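**Q** Each protein sequence line maps, in turn, to chains G and Y. Going by our numbering, the first sequence wraps up at 318, each residue one higher than the last. Going by our numbering, the second sequence wraps up at 318, each residue one higher than the last. Cβ atoms here follow ideal geometry from the backbone N, Cα and C, with glycine treated the same way. Owing to the predicted nature of the structure, the values given are computational and were not obtained by experimental measurement.
There are 2 protein chains.
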Amino acid sequence: MIQSQPLHVDVDPYHSRVTGASHIVERVDPVIYKNNPGILSPEQLSFYEKNGYLVFNSLFSSQEMKHILSHVDELKSDAGKQELAYSVVEPHSRELRSLFHTHDYDSLLKSLACDQRILGIVEQIIGSQAYIHQSRINFKPGFKGRDFYWHSDFETWHMEDGMPRMRALSCSIALTENNEFNGPLMVIPASHKKYVVCAGDTPRDNYKQSLRQQYTGVPDEAILTNLIHEHGIISSKGSIGSVTFFDCNLMHGSNSNISPFPRSNIFFVYNSVENMLQKPYCGLEARPEYIAVRKPVPLTKRKINFNDI
Amino acid sequence: MIQSQPLHVDVDPYHSRVTGASHIVERVDPVIYKNNPGILSPEQLSFYEKNGYLVFNSLFSSQEMKHILSHVDELKSDAGKQELAYSVVEPHSRELRSLFHTHDYDSLLKSLACDQRILGIVEQIIGSQAYIHQSRINFKPGFKGRDFYWHSDFETWHMEDGMPRMRALSCSIALTENNEFNGPLMVIPASHKKYVVCAGDTPRDNYKQSLRQQYTGVPDEAILTNLIHEHGIISSKGSIGSVTFFDCNLMHGSNSNISPFPRSNIFFVYNSVENMLQKPYCGLEARPEYIAVRKPVPLTKRKINFNDI
Chain G
10 MIQSQPLHVD VDPYHSRVTG ASHIVERVDP VIYKNNPGIL SPEQLSFYEK NGYLVFNSLF
70 SSQEMKHILS HVDELKSDAG KQELAYSVVE PHSRELRSLF HTHDYDSLLK SLACDQRILG
130 IVEQIIGSQA YIHQSRINFK PGFKGRDFYW HSDFETWHME DGMPRMRALS CSIALTENNE
190 FNGPLMVIPA SHKKYVVCAG DTPRDNYKQS LRQQYTGVPD EAILTNLIHE HGIISSKGSI
250 GSVTFFDCNL MHGSNSNISP FPRSNIFFVY NSVENMLQKP YCGLEARPEY IAVRKPVPLT
310 KRKINFNDI
Chain Y
10 MIQSQPLHVD VDPYHSRVTG ASHIVERVDP VIYKNNPGIL SPEQLSFYEK NGYLVFNSLF
70 SSQEMKHILS HVDELKSDAG KQELAYSVVE PHSRELRSLF HTHDYDSLLK SLACDQRILG
130 IVEQIIGSQA YIHQSRINFK PGFKGRDFYW HSDFETWHME DGMPRMRALS CSIALTENNE
190 FNGPLMVIPA SHKKYVVCAG DTPRDNYKQS LRQQYTGVPD EAILTNLIHE HGIISSKGSI
250 GSVTFFDCNL MHGSNSNISP FPRSNIFFVY NSVENMLQKP YCGLEARPEY IAVRKPVPLT
310 KRKINFNDI
């Protein structure tokens, strides 16, 4: 078990949820912590450093993806049969929207999180061992998938979970095709290099609301307009099995989905073991362990063939 | 003034809002009423007949579009200053969402509706003189533009306005770029050849709700899934000034818009003068004149140069 290492910052460089107006400050942390050779080429590292994301059409064989898909189907079906603490359901239909913490209790997901094709890239970017800060499977249903407003994950992880610095990233594995119709992830490239200080207080137990629809920790329209005017929007479209890595501070969101095509993804959030959670900067109680892991297990890369599991 | 000509149909072929399940029946009306030469080539007519829509990148010069845009800006600004019977505003922000009936009281919009580049195509498709059944300017704001669920306009016009047969079409003129981010119009090609009988009653004064969000007269998910499985989805993307014509019974909808880019369009709905409104088939009172014109003025094609207006 890694011990928490307080960073002894006298002034929090990423304070947010202020009483004044939303505004932009500079990111004080690097994006790439280790420019050593690894899985990513210098060009790929440079693209990630500049844009804050990187997409791979296929890191896994189609045979492996079939195996993973069928496993997730089983998980979903099992989760539908019981009231799980780790699941978020649609308020009206009771349809499953997210299944959290799967890396912790499911052996295939645990292996997937440690797969060297993914974890190798993660370690290269954060320059240390990693642990899972949060894992989830998202099921954005067809016909009634809601939009998710622009936000930086780091702003929430900092304020509500106590993640001190920007040394974390998300990895999303597509379980369905992401196309222009089913509300794909939209990112503002290069937005990870600025930090948007948001206005407003954090309500108690905000996560119960914010996992469905986020109202706290969202930038104001003028700032978003400027960011998008400067950098544009990229939507992450791709077929089943495409893998997207994106920086913890990249501004992103998604539109609604009235198409019949669901949009499902496996999400792993990796944090550096040298960036352990402190007390939440918003001053409230920490979120539950299945939303933000406070007792982490450092991960070790493994060579895995999912056809054999 | 054209007199109403009852169609003496013993059995309504397009009855909807039934107590049983939503289901599909055949369209009994043609799509193209006059295959004579005209503005549209045989290929264009055939495309429209098969798919139910047709897009033109530019029917107007960029100079004309500039003129039209600046006029719409003025209209919007004037409408913002007063409480108009013809405007629909967002419930919370009071932001203008739609401005109805503009062809009736605004001379430029009146001219635009009669422009031979548009009306010529309309007349070729419906095979008669046309009148405006409904006109509006839609302002889908950036950041908070809501989605609009799948529906056939004709189903509503039939049940709530008493439009007897399918001999009408919409013409949409883009006032902003329509792109993958700002919730463009999505259509199911060829869906206009089937009629989806919808389940459920019509609430009184349904239009007050349905202009914001439609709950009545929407097909069920199984039917939509089949339609989209068979025909796919096409989204109508294009730059300012692109013009889309689509059949009154084409299934369409749009996703939400969290991008900063507004999506604004001028909409003209043209109906044939040989397809005059009857009493609403849902048995309730007719909707107001600014939503569904009952005292029409047949239009006469004009050659117009909007630089001179």
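Tell me the DSSP bridge mates of G/GLU35?
**A** Answer is G/LYS203.
**Q** Might you give, ordered along the chain, the residues of its own chain that have their beta carbon closer than 7 angstroms to the beta carbon of Y/GLY226, omitting 5 neighbours on each side?
**A** SER25, ARG26, HIS160, GLU164, THR165, MET168, CYS207
**Q** Using the Cα positions of G/PRO271 and G/GLY151, report the straight-line distance between them to the nearest angstrom.
**A** Annotation: G/PRO271 to G/GLY151 spans about 4 angstroms, alpha carbon to alpha carbon.
**Q** If you measure from the beta carbon of Y/ILE275 to each beta carbon in chain G, is any gap under 8 angstroms?
**A** no
**Q** Under the rule that 16 or more other beta-carbon atoms within 10 Å means buried, what is G/TYR319, buried or exposed?
**A** Residue 319 of chain G cannot be examined here, being either before or after the span of chain G that is shown, 10 to 318.
**Q** When the Cβ atoms of the segment 244-259 of chain G are set against those of the segment 285-295 of chain Y, are three or more pairs found closer than 8 angstroms?
**A** no
**Q** Using the beta-carbon of each residue, which ones in chain Y are nearer than 8 angstroms to G/LYS262?
**A** The sequence shown places Gly at residue 262 of chain G, rather than the Lys named in the question. Taking a Cβ-Cβ cut-off of 8 angstroms, the neighbours of G/GLY262 in chain Y comprise ILE267, given in sequence order.
**Q** Going along the chain, which residues of its own chain have a beta-carbon closer than 7 angstroms to the beta-carbon of Y/GLN72, five neighbours each way excluded?
**A** ASN316
**Q** Can you name the residues of chain C whose CB is closer than 8 angstroms to the CB of G/LEU233?
**A** Although the question refers to chain C, the structure presented lacks it and instead comprises the protein chains G and Y.
**Q** I need the DSSP call for G/LEU308, collapsed to helix, strand or coil.
**A** It is coil, neither helix nor strand.
**Q** DSSP three-state label for G/CYS180, please.
**A** Residue state, collapsed to three classes: strand.
**Q** Within 10 angstroms of its Cβ, does Y/LYS304 collect 16 or more other Cβ (buried), or is it exposed?
**A** By the C-beta density criterion, Y/LYS304 is exposed, having fewer than 16 other C-beta atoms within 10 angstroms.
**Q** Ignore the nearest five residues each way along the sequence and tell me which others in G/VAL37's own chain have a CB closer than 6 angstroms to its CB.
**A** PRO22
**Q** Got a sec: is the Cβ-Cβ distance from Y/ILE11 to anything in chain G below 8 angstroms?
**A** Residue confidence is low: Y/ILE11 scores 38 on pLDDT, short of 50, so the model does not pin down where it sits. Its coordinate-derived value is still stated next. Output row for Y/ILE11: interface = no.
**Q** Quick check on Y/MET10: buried or exposed, where buried means 16 or more other Cβ atoms within 10 Å of its Cβ?
**A** For Y/MET10, the predicted structure reports a pLDDT of 33, less than 50, and the residue's modelled location is therefore unreliable. The matter cannot be settled from this model.
**Q** List the residues of chain G that Y/GLY192 touches, going by C-beta distances under 7 angstroms, in chain order.
**A** What Y/GLY192 touches in chain G: ASN264.
**Q** From G/ILE134 to Y/HIS240, what distance separates their C-alpha atoms?
**A** 43 angstroms
**Q** Would Y/SER244 count as contacting chain G if we go by Cβ distances under 8 angstroms?
**A** Taking Cβ atoms only, chain G reaches closer than 8 angstroms to Y/SER244, which makes this a yes.
**Q** Interface residues of chain Y around G/GLU186 at Cβ under 8 angstroms?
**A** In chain order: nothing, as chain Y lies at least about 13 angstroms away.
**Q** Contact between the segment 228-244 of chain G and the segment 120-134 of chain G is defined here as three or more beta-carbon pairs at a separation below 8 angstroms; is this criterion met?
**A** Not touching, per the Cβ criterion.
**Q** Flag Y/TYR158 as yes if its beta-carbon sits less than 8 angstroms from any beta-carbon of chain G, otherwise no.
**A** True, the Cβ-Cβ gap to chain G drops below 8 angstroms.
**Q** Using three-state DSSP, classify G/LYS149 as helix, strand or coil.
**A** Strand at G/LYS149.
**Q** Please return the same chain residues whose Cβ sits closer than 7 angstroms to the Cβ of Y/HIS110, not counting the five positions on each side in sequence.
**A** TYR95, SER144, TYR299
**Q** Taking 8 angstroms as the limit between beta carbons, can you name the residues of its chain near G/SER107, skipping five residues before and five after?
**A** SER96, VAL97, ARG145, ILE146, ASN147, PHE148, LEU220
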